[in-house]
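Chemist:
Here it is in structure tokens:
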């Protein structure tokens with residue numbers, strides 16, 4: 001049984017993320033936990049934040065959250081029609097990032113799924129905001145779904161790495177599982193910062209190649225430029241991949257990319273689902 005946590009703000013993108021992950025895991029027995037959070041600072045559409053009577057405001061938000069979760073549950077059950085899937089709802093007051101961390105432990109979550117656009121620009125839950133905050137403390141993979149995209153089976157996965165850190169088998173197993181869902185091939189995309197790999201990078205490359213030996217894979221080298229994110233964006237577009245993945249570690253390529261100001265505007269983060277893998281070492 002897989003336990004999947006799907007964060008929602010009831011936007012179309014959030015529902016598309018939910019629908020996408022049900023199709024991705026169509027052959028797996030899963031429980032999907034749909035999570036919506038609210039706080040004193042949450043503003044309902046078309047309303048203003050009340051200065052007084054905060055308790056009443058929170059009661060209204062709680063009621064609205066539960067009602068919309070119930071509606072979403074009924075809709076996904078009808079749209080999904082998969083006897084292997086069970087849906088549960090969680091409405092909770094508090095900070096989204098902290099609650100996700102709690103629920104991962106409490107419910108033994110295997111995968112967190114989020115959309116990259118909120119109801120308004122101010123509530124976007126992707127780069128520069130909640131998704132990166134969630135990824136910074138993640139103990140399971142995070143799948144970020146862009147826009148209101150249709151699902152199609154994943155056949156090509158790009159795994160972006162600078163090979164500076166060892167991707168051990170536990171980390172790679174998460175990637176291999178995703179590839180196994182539709183027998184996808186994995187393209188390792190290395191951002192080449194030097195003309196040749198140093199000793200550590202070469203050792204990591206060999207370990208990675210060994211870890212991928214039972215799945216179709218290839219290695220792609222791209223030259224380093226100051227704007228790494230843009231270069232990767234262009235390269236992934238040429239590869240026509242269905243998913244791209246990175247390992248989240250401190251002071252690695254992931255952190256460099258997600259701190260670049262240009263990242264929020266890149267098409268690679270608006271066109272292709274992004275799998276963030278926590279280091280399992």
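Numbering (UniProt numbering), first residue to last: 1 to 281.
Where is the CB? At the ideal position from N, CA and C, for every residue including glycine.
Here the structure is a predicted model, which means the values were calculated and not measured.
(1) What's the gap between the Cα of residue 252 and the Cα of residue 167?
(2) Touching or not, the segment 236 to 251 and the segment 201 to 210, by the rule of three or more beta carbon pairs under 8 Å?
(3) What are the partner residues of residue 5, as DSSP defines its beta bridges?
(4) Are the segment 99 to 112 and the segment 69 to 76 touching by the rule of at least three beta carbon pairs closer than 8 Å?
(5) Taking all protein chains shown into account, do 16 or more other C-beta atoms lie within 10 angstroms of the C-beta of residue 200, making it buried, or fewer, making it exposed?
(6) Please look up how many angstroms separate the CB atoms of residue 66 and residue 28, rounded, as I've assumed it's under 8 Å.
(7) Could you name the residues of the same chain whose beta carbon sits closer than 6 Å to that of residue 8, not counting the 5 residues immediately before and after it, in chain order?
(8) DSSP state of residue 259, grouped into three classes?
(9) Closer than 7 Å by C-beta to residue 12: which residues in its own chain qualify, once you throw out the five before and the five after it? Chain order, please.
(10) Helix, strand or coil, according to DSSP, for residue 274 in the structure here?
(11) Quick one, which of 116, 196, 217 has its alpha-carbon nearest residue 184's?
(12) Within the continuous beta strand (DSSP E) that includes residue 157, where are the two ends?
(13) Excluding the 5 residues flanking residue 271 on each side, which residues of the same chain have their C-beta closer than 7 Å to its C-beta?
(14) Can you tell me whether residue 63 is buried or exposed? The criterion is at least 16 other CB atoms within 10 Å of its CB, across all chains shown.
(15) Drop a sphere of 10 angstroms on the beta-carbon of residue 274, count the other beta-carbons inside from all chains shown, and report buried for 16 or more, exposed for fewer.
(16) Residue 151 lies in the beta strand (DSSP E); which residues open and close that run?
(17) Where does the unbroken beta strand (DSSP E) through residue 73 begin, and where does it stop?
(18) Based on the DSSP secondary-structure assignment, which residues constitute the bridge partners of residue 246?
(19) Would residue 94 be called buried (16 or more neighbouring beta carbons within 10 Å of its own) or exposed?
(20) How many Å lie between residue 80 and residue 23 at the Cα?
(21) Check each candidate in 140, 189, 191, 163 and name the one with the smallest Cα separation from residue 177.
(22) Who are the near neighbours of residue 85 in its chain, counting only those whose CB is closer than 7 Å to its CB and skipping five residues on each side?
(23) Output yes or no for whether 8 Å exceeds the beta carbon distance between residue 113 and residue 6.
(24) So which of 10, 279, 26 has the shortest CA-CA distance to residue 165?
(25) Candidates 16, 18, 26: which alpha carbon is nearest residue 181's?
(26) Under the DSSP definition of a beta bridge, which residues are partnered with residue 86?
(27) Which residues bound the alpha helix (DSSP H) around residue 179?
(28) Which value, in whole angstroms, describes the spacing of the CA atoms of residue 276 and residue 197?
(29) With a Cβ-Cβ cutoff of 8 Å, do residue 232 and residue 188 count as a contact?
Modeler: By the coordinates alone:
(1) For the purposes of this step, residue 252 is taken as the residue at position 252 of the chain shown. For the purposes of this step, residue 167 is taken as the residue at position 167 of the chain shown. Reliability fails at residue 252, whose pLDDT of 48 lies under 50, so the model's placement of it is uncertain and the value that follows must be treated cautiously. Cα to Cα, residue 252 sits roughly 12 Å from residue 167.
(2) no
(3) Residue numbering aside, residue 5 sits at position 5 when the chain shown is read from its first letter. According to DSSP, residue 5 bridges with 33, 112.
(4) no
(5) As a position in the chain shown, residue 200 is number 200, starting the count at 1. Burial call: exposed.
(6) One-based indexing of the chain shown puts residue 66 at position 66. One-based indexing of the chain shown puts residue 28 at position 28. Residue 66 to residue 28, Cβ: 28 Å. No contact.
(7) Position 8 of the chain shown, counting from 1, holds the residue named residue 8. Closer than 6 Å at the Cβ level, and outside the excluded window around residue 8, lie 14, 34, 36.
(8) By 1-based counting over the chain shown, the position of residue 259 is 259. Only weak support is given to the placement of residue 259: the predicted model assigns it a pLDDT of 49, under 50, and the value that follows is read from those uncertain coordinates. Of the three classes helix, strand and coil, the one that applies to residue 259 here is helix, per DSSP.
(9) Along the chain shown, one-based indexing puts residue 12 at 12. Only 148 meet the Cβ criterion.
(10) Counting from one through the chain shown, the residue named residue 274 turns up at place 274. Residue state, collapsed to three classes: strand.
(11) Mapped onto the chain shown, residue 184 falls at position 184. Of 116, 196, 217, the residue nearest in Cα terms is 217.
(12) For the purposes of this step, residue 157 is taken as the residue at position 157 of the chain shown. Taken as a continuous stretch (DSSP letters only), the beta strand (DSSP E) holding residue 157 covers 156 to 161.
(13) Within the chain shown, the letter at position 271 stands for residue 271. Closer than 7 Å at the Cβ level, and outside the excluded window around residue 271, lie 146.
(14) Within the chain shown, the letter at position 63 stands for residue 63. With fewer than 16 other Cβ atoms within 10 Å, it is exposed.
(15) In the chain shown, residue 274 corresponds to position 274, counting from 1. When all chains shown are included, residue 274 counts as buried.
(16) As a working mapping, residue 151 is identified with position 151 in the chain shown. Taken as a continuous stretch (DSSP letters only), residue 151 belongs to no beta strand (DSSP E), as it is neither H nor E.
(17) The residue you call residue 73 lines up with position 73 of the chain shown. Careful: residue 73 lies outside any beta strand (DSSP E), inside the alpha helix (DSSP H) at 54 to 80.
(18) Within the chain shown, numbered from 1, the residue matching residue 246 stands at position 246. DSSP, once it has assigned bridges, lists 276 as partnering residue 246.
(19) Counted from its first residue, the chain shown places residue 94 at position 94. Exposed, since its Cβ has fewer than 16 Cβ neighbours within 10 Å.
(20) What you label residue 80 is simply residue 80 of the chain shown in a count that begins at 1. What you label residue 23 is simply residue 23 of the chain shown in a count that begins at 1. Approximately 8 Å, taken between the alpha carbons.
(21) The count along the chain shown starts at 1 and reaches residue 177 at position 177. When only C-alpha atoms are compared, the closest one is 140.
(22) As a position in the chain shown, residue 85 is number 85, starting the count at 1. Result list for residue 85: 22, 30, 32, in chain order.
(23) Reading the chain shown from its first residue, position 113 is the one you call residue 113. Reading the chain shown from its first residue, position 6 is the one you call residue 6. It is a contact, given that the beta carbons lie within the stated cut-off.
(24) In the chain shown, residue 165 corresponds to position 165, counting from 1. The candidate whose alpha carbon is nearest that of residue 165 is 279.
(25) Start at 1 with the first residue of the chain shown, and residue 181 comes out as number 181. Checked all of 16, 18, 26; the closest Cα to residue 181 is 26.
(26) Locating residue 86 in the chain shown gives position 86, counting from the first residue. Answer is 31, bridged to residue 86.
(27) Counting from one through the chain shown, the residue named residue 179 turns up at place 179. Looking at the DSSP string, the run of the alpha helix (DSSP H) that includes residue 179 is 169 to 180.
(28) Taking the chain shown and counting its residues from 1, one reaches residue 276 at position 276. Taking the chain shown and counting its residues from 1, one reaches residue 197 at position 197. Rounded to the nearest angstrom, the two C-alpha atoms are 24 Å apart.
(29) Reading the chain shown from its first residue, position 232 is the one you call residue 232. Reading the chain shown from its first residue, position 188 is the one you call residue 188. Not closer than 8 Å, so no.
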